[in-house]
Structures are given as structure tokens and as C-alpha cells.
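Following: one structure in C-alpha cells, then a few remarks.
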Amino acid sequence: MSTIKAGYLISYDYEYVKISLLRIYDFVDEIFLAIDVDRKTWSGKDFLIRESFWEWIKLVDNANKIKIYEDRFYIPGLSPMQCDTRERNMLAQRMGDCDWYLQIDSDEYFIDFEVFASKLRRLHPTVPTTIVCPVATIFKKVVSGYLLIAESSETLCFATNLPVYDNAKHNSGNNYISWDDLVLHQSWAREPEEIYWKLHNWSHKNDFNINSYYNLWNAVDEFNFFSLQDFHPLGSGAWPKLKMIKAKNIVELLNSEEVRMINRSEKDKIKRKPLTSRLWKEIRSSFKYS
């Protein structure tokens, strides 16, 4: 049977991994948590991990699957994106040999990871391959629930059999295969001070006017969200509009019928349209695992 290993990059938003990790724990062989030994972000800012987090890890790791990997992932002189990509490659090397390498960010939640893992174990490609999945970004928590990006065209890379990353989680030399397994991304549904910190420390902080976008995000609420259209900070087309779903917390949101309907909609799209893959002009004829 194919082996699956998952890796997380742990930083200032480490608390979110508690939701994400529990959704995958039973269906992977090992889980690696990569943490900067000096507790630095990719922008060189200091962060703290409370002792209660390590106690939680011990509590939930009943099968001894979780491995801690500490190293220096912030390098002065490198951009945040360069530090991001470098850390992912270092993590992949530390994970060792396996059939499938997963990298999931702390705030990314698979709706049905058991199905995704089962499909991975049955797939045995003969060329370097990357699996991409549709993503519904959770944009903001409001009084009545959560604002999600509706009708998004956004996808992210999650699994590969050859983890040679060249731009965050992307492997541009690989064959890309699109699957229908929906992932919710709690990228923006955070407290205002967290969003401000995120914008000033993540790998895209130099790619747009972060202060202007923070002001836009801060002004959105459940009464005016419908007026926001085509508002992705890095370009047009990816985020057409917002949809509100009533839920008291993230777990309730993940289990809501509205989210399940989005997931079914993604699967219907795949049924209507055969799986497609993006073949790059030059795919290496042979490769070895890192």
C-alpha cells in the first residue's frame, strides 16, 4: 500500500493546525511539523508558541505519528516567498522516502480527507505528479457566521510524488492533476490584529499594497459584503463575490450543509468534465525521491 506523509509549516498561526491536523491524522502514515528554531517568521519577526500547544500534540498523538522538525527557516536577505519555498524543500527532505508527500498549511481544512487519501493510495503515476484541489477561502467572521469566497476559481497544490518546490507549494516541472476534493482555507477569517500581522509577515507581503487591502477587509461586514466583487489582492478573476454561511465556529462551518453543497458542486463539475492534467513541455523521464 502507498505511504502518505504530511507536513505543516508551523508559525505564528499555529493554533489553526489543531483543526486541520485532526482531520487528516487517521489517514496518513506520518505528520511532520516544521518550526523555525529561533521562532522567526519569514519576515524575521519573533513569535511565541505556548507550552500548551506541545501538551496538545502529546495528547492527540496516540499513534506516535507526529515528528517535530526544527531548523533555521528565516534567512536575512531572502524574500518571504524565498524563505517559504526553501522551508518547504527542507521539510520534504526531512520527511524521507514515501509515495506521496502532502504539504498542508495550518489553516487549510479538507472537507473529506479520508476520500482524498484513499484516492491517493490508489494512484501510482510513472511521472512526477502534483495533485491540486479547489479551495474555498473563508474571508471573514461576522456576527451571523462566515463570509466565503463564492464561485471561486482558486486551486492549491497539496500532494506530490516528487517534492521539488519552486514557488511555495508549486512543482512547476510536474504533471498537474485536478481533483474535486474541496478544501476550506481560513486565510482571512481571523481577528483584525491577526490579519494585520499576517499581511506584514506572509510570503506575499511585497506583492500588493497591504495597508490598503487591510482597510478594505476591515470595512466588510454582513450588511455590505454583497457589494464586494472581483477583489483578490493579487489579480482579477479568482474571487468574484462573497457568500455568507451561518455558523458559530469553524467546526460548525465545516460540517454545515451549505459547505457540503459546495463540495458536491465541485464533484458534479468533475463528473461533467473529465479530469484534466497540465503536461509541461519538459517532464523528467526519471526521478528519485528526496
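In the UniProt record's numbering, the protein residues as written are 1 to 290.
From the three backbone atoms N, C-alpha and C, an ideal C-beta is built for every residue, glycine too.
* In three-state DSSP terms, what is M244? -> strand
* Asked: What three-state label does DSSP hand residue 293 in the structure shown?
  -> The first residue shown for the chain is 1 and the last is 290, placing residue 293 beyond what the model contains.
* To do: My understanding is that N161 touches W100, with C-beta atoms under 8 Å, so please give their C-beta distance in whole angstroms.
  => 6 Å
* State yes or no: is the C-beta of V17 within less than 9 Å of the C-beta of I111? => no
* Using the C-alpha atoms, what's the distance from T126 back to V259? -> Computed Cα separation, rounded: 34 Å.
* Asked: Would Q229 be called buried (16 or more neighbouring beta carbons within 10 Å of its own) or exposed?
  -> exposed
* **the segment 123-143 touching the segment 163-176, judged by at least three CB pairs closer than 8 Å** => yes
* Around the Cβ of M95, are there at least 16 other Cβ atoms within 10 angstroms (buried) or fewer (exposed)? -> Buried, because 16 or more other Cβ atoms sit within 10 Å of the Cβ of M95.
* **Sequence-distant residues of the same chain with beta carbon closer than 8 Å to A117, five excluded per side** => Counting only Cβ-Cβ distances below 8 Å, and skipping sequence neighbours, we find I4, I24, F27, V28.
* To do: Check each candidate in S11, V143, F226, S236 and name the one with the smallest Cα separation from Y74.
  => Among S11, V143, F226, S236, the Cα nearest to that of Y74 is on S11.
* Asked: What's the gap between the Cα of F223 and the Cα of D107?
  -> 26 Å
* Would K248 be called buried (16 or more neighbouring beta carbons within 10 Å of its own) or exposed? -> exposed
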